[in-house]
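Read through the structure below, which is laid out as structure tokens, and then see the notes.
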Amino acid sequence: MDTSKLKITFIGAGKMATAIAGGLVKSGKYTPNQFTATDKSEASREHFIEKSQVTNIIQDNIQASKFSDVIILAVKPQQIEEVCKEIAEVCHDKLIISIAAGTKLETFYKLFGHKRIIRVMPNTPMMVGIGASAFSMGEQCKETDKDICLSIFSPVGKIHQVEERHMDAVTAVSGSGPAYVFQFIKALADAGVQQGLQPEVSLDLAAQTVLGAAMMVSLNQGTPEELTKAVTSPNGTTYAALCCMEQLQFKETIYKFVEAAANRSIELG
Ligand code: NAD
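In our numbering, the protein residues as written are 308 to 576.
Below is the structure:
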């Protein structure tokens with residue numbers, strides 16, 4: 308679709324808004340003058356300008372929303388209600404995209420008085436253009452709204468459409484997921500140090516291993532099971548490690564902490 312005339316406003320110019328706007332400008336799919344952003348904090352405004360190349364940044368949410376086609380709500384969930392109430396009067400005919408964790412479509416229907424809302428769950432690797440996001444469409448979205456959503460989030464990663472009832476699972480897998488992987492990288496690197504490696508070398512080897520393995524899955528080089536089999540010789544080193552992982556219930560442990568995140572997401576919703 309032709310997005311060259313689309314005007315987009317970010318309400319809240321923090322980390323995620325900076326990642327999306329910066330990524331879109333970098334991708335060449337959008338130009339900086341298509342964006343407006345608002346933020347109450349001077350530090351956030353300065354950071355956003357520096358990182359995204361978007362200079363049209365103001366403090367007035369209503370003014371910023373008035374002349375845009377799409378409003379991206381990128382404030383913290385606790386600020387969502389206040390912000391929506393503030394801008395609702397100028398958003399009757401606009402597509403609203405929320406990236407706030409936990410806030411349901413139903414809540415936005417009430418706050419805006421219409422159902423042209425898309426709820427997106429992104430994650431922080433979007434900052435390096437390798438995000439993993441999922442979205443659910445509100446009941447009054449037009450078919451072109453989905454294309455608009457894809458045009459905004461696919462340049463900064465992958466995005467899947469899901470039913471809204473699956474958003475807690477998405478939050479638990481990919482929303483909170485980067486933290487699990489950071490913990491894994493840290494533990495793998497520390498274990499390497501324990502085996503005698505230099506910390507910088509071990510951290511780099513661990514991070515690059517996760518990156519490379521993830522790329523192999525992402526590029527359909529095989530299923531995780533097939534790829535595991537391919538690096539495991541009978542009674543070899545990987546086999547010894549895998550036996551130990553099984554004994555320690557590695558998989559079951561992951562199920563448990565993902566379930567904890569999903570349950571917390573349900574509680575917050
Ligand atoms: P952030 O704190 O970096 O950015 C939020 C910005 O909103 C801040 O700069 C703040 O000054 C500004 N703000 C607050 N009140 C405002 C108002 N009334 N008007 C205008 N601006 C206002 O937060 P973030 O990490 O970018 O998260 C943004 C949203 O993305 C959140 O709702 C969060 O749930 C969601 N999200 C974050 C992550 C993550 O890992 N960071 C992942 C998925 C979803």
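Backbone N, C-alpha and C fix where the C-beta goes; we use that ideal spot for every residue, glycine too.
Backbone secondary structure at residue i - three-state DSSP
i    : result
R426 : strand
I379 : strand
L402 : strand
H421 : coil
S540 : coil
Q468 : strand
G438 : strand
The ligand NAD heavy atom lying under 7 Å from the CB of residue i
i    : result
P462 : no
M323 : yes
G319 : yes
D475 : no
S359 : no
N430 : yes
I327 : no
For residue j and residue i, believed in contact at Cβ under 8 Å, the rounded distance
i    : j    : result
S440 : T310 : So it is not a contact: roughly 17 Å between Cβ atoms.
G420 : A395 : 7 Å
R352 : A320 : 6 Å
Proximity of residue i and residue j at Cβ, strictly below 8 Å
i    : j    : result
D346 : I369 : no
A513 : L495 : yes
Residue nearest to residue i in terms of C-alpha spacing, selected from the options
i    : options                   : result
R426 : G438, K453 and I437       : K453
K333 : A320, H354 and S359       : S359
K373 : F355, I318 and E353       : I318
A567 : I404, A344, A476 and Q385 : A476
S481 : S572, Q447 and Q341       : S572
K314 : Q386, L402, E357 and I387 : L402
Near the ligand FAD: residue i beta-carbon under 7 Å from a heavy atom
i    : result
Q360 : With respect to the ligand FAD, the structure shown offers nothing to examine, as its ligands consist of the ligand NAD.
CB contact below 8 Å: residue i versus chain B
i    : result
F317 : Any reference to chain B falls outside this structure, which holds one protein chain only.
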